[in-house]
Amino acid sequence: MHIPVSSRAPDRAAALAQYRRRAQGYDTELALFEPIRSEAIALLDLRPGDTVIDVGCGTGLSFEPLHRRVGRKGRIVGIEQCPEMMAKAQARVQEHHWQDVELVCAPAETAHVSVQADAALFHFTHDIVRDDAALANIFAHLKPGAHVVASGLQWAAPWMWPTNAFVLLAAVYSVTSFEGLGHPWDRLTAHLRDVQVRTTLMGGIYIANGIYEE
Ligand SMILES: C[S@@+](CC[C@H](N)C(=O)[O-])C[C@H]1O[C@@H](n2cnc3c(N)ncnc32)[C@H](O)[C@@H]1O
1434 MHIPVSSRAP DRAAALAQYR RRAQGYDTEL ALFEPIRSEA IALLDLRPGD
1484 TVIDVGCGTG LSFEPLHRRV GRKGRIVGIE QCPEMMAKAQ ARVQEHHWQD
1534 VELVCAPAET AHVSVQADAA LFHFTHDIVR DDAALANIFA HLKPGAHVVA
1584 SGLQWAAPWM WPTNAFVLLA AVYSVTSFEG LGHPWDRLTA HLRDVQVRTT
1634 LMGGIYIANG IYEE
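Counting with this note's numbering, you get residues 1434 to 1647 for the letters of the sequence shown.
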C-alpha cells in the first residue's frame, strides 16, 4: 500500500490539496468525533467575554460551542489555510450572524492575529501541533495563563493493532506527516504547565490540556 505521508515535516501543498478535496463532505465525516470536540472545548474553561483562537478551524464546527461559552462580548479567531474549508467557515458565520468571529485565511505559522487570547484550541490539527513555527506564532498571541487544548489521532499501544489500523487509515486521509504520531502533544505541551493528557477510543485519540506560561 502506498502511504502518501512522510515521517518528516508537514507538507503545506499536500495539506491544501487534501482539504480542498474534503471540504464539501467534511462536516459529515467528522460526526463520529463530535463528543471529543465537546470534551476538548469544555477543557478550555472559557468564560463570557473571553477571546479564543481556533487554530486550523476548518469549516468552523467548533464555533457554535465556543460562541455559547464566550457569549456576545467574547471573540473567536479562526485560523485556516485552506480557502475551501474557510469558505465553509465563513458561510457558517454569516448564517448565524455572529459578529464576534474573526477569520484569518493563512497558515498558522504566519497568520496575522490581532488579539492576545485567553485560550487556544487545536482540534484534530496534527500538522500544526508538529510545526514549531506555527506553535510560536500562536503562543505569541496568548496571554500568560491562557488555557490550551489539543486533541487528535495518535498511535495506540503496539498490541492495539485494530485501533492502529483505524488510526493509520484516518491519518493517511487527514495529515501530511506521521512525525510525532506516537506523542502528538509533546511540542505543544513543552510550553505549558499543569499538563494533562488523556486518551480515548481505545488509545487512538488523545486530548491534552495545560496552561500557557511565557
Ligand atoms: C482535520 S481538520 C480539523 C478542522 C477543525 N479543527 C475541526 O475541528 O473540525 C485540519 C484542518 O487544519 C488545516 N490546516 C492544516 N495545516 C494548517 C496550517 N499550517 N495552518 C492553518 N491551517 C492548517 C486544514 O486545512 C484543515 O482544515
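Ideal placement from N, C-alpha and C gives every residue a C-beta, glycine not left out. Model, not experiment: these values are computed from the prediction.
message = Considering only DSSP beta bridges, list what E1513 is partnered with.
response = Beta-bridge pairing links E1513 to C1538.
key: Minimum C-alpha distance to G1489 - residue among E1513, F1466, S1495   = E1513
task = Write down every uninterrupted run of the beta strand (DSSP E) in the region 1570-1640 whose length is 3 residues or greater and which is fully enclosed by it, in chain order.
result = Runs found: 1575-1586, 1625-1633.
query = Nearest-angstrom Cα distance between L1621 and E1528?
reply = 33 Å
Contact between the region 1501-1516 and the region 1588-1603 (3+ Cβ pairs under 8 Å) = no
Residue from P1481, P1540, F1496, A1541 whose Cα sits closest to the Cα of V1534 = F1496
request  = Given a cut-off of 8 Å, decide if T1609 and D1444 are closer than it, judged by their beta-carbon atoms.
outcome  = Going by C-beta atoms, D1444 is nearer than 8 Å to T1609.
request  = Work out the CA separation of V1503 and L1568 for me, nearest whole Å.
outcome  = 23 Å
inquiry  = Can you tell me whether A1641 is buried or exposed? The criterion is at least 16 other CB atoms within 10 Å of its CB, across all chains shown.
reply    = buried
Where A1448 falls, given that 16 or more other Cβ within 10 Å makes a residue buried = Answer is buried; the Cβ neighbour count reaches 16.
task = Look up V1488 in the DSSP assignment and say whether it is helix, strand or coil.
result = strand
key: 8 Å Cβ cutoff met for I1571 and A1603   = no
query = Does DSSP put F1555 in a helix, in a strand, or in coil?
reply = strand
key: For I1644, the nearest candidate out of L1477, A1464, E1467 (CA to CA)   = L1477
ask   = What distance in whole Å lies between the Cβ atoms of L1536 and A1522, which are believed to be in contact at a cut-off of 8 Å?
value = 6 Å
Counterpart residues of G1493 in DSSP-defined beta bridges = G1493 is not bridged to any residue.
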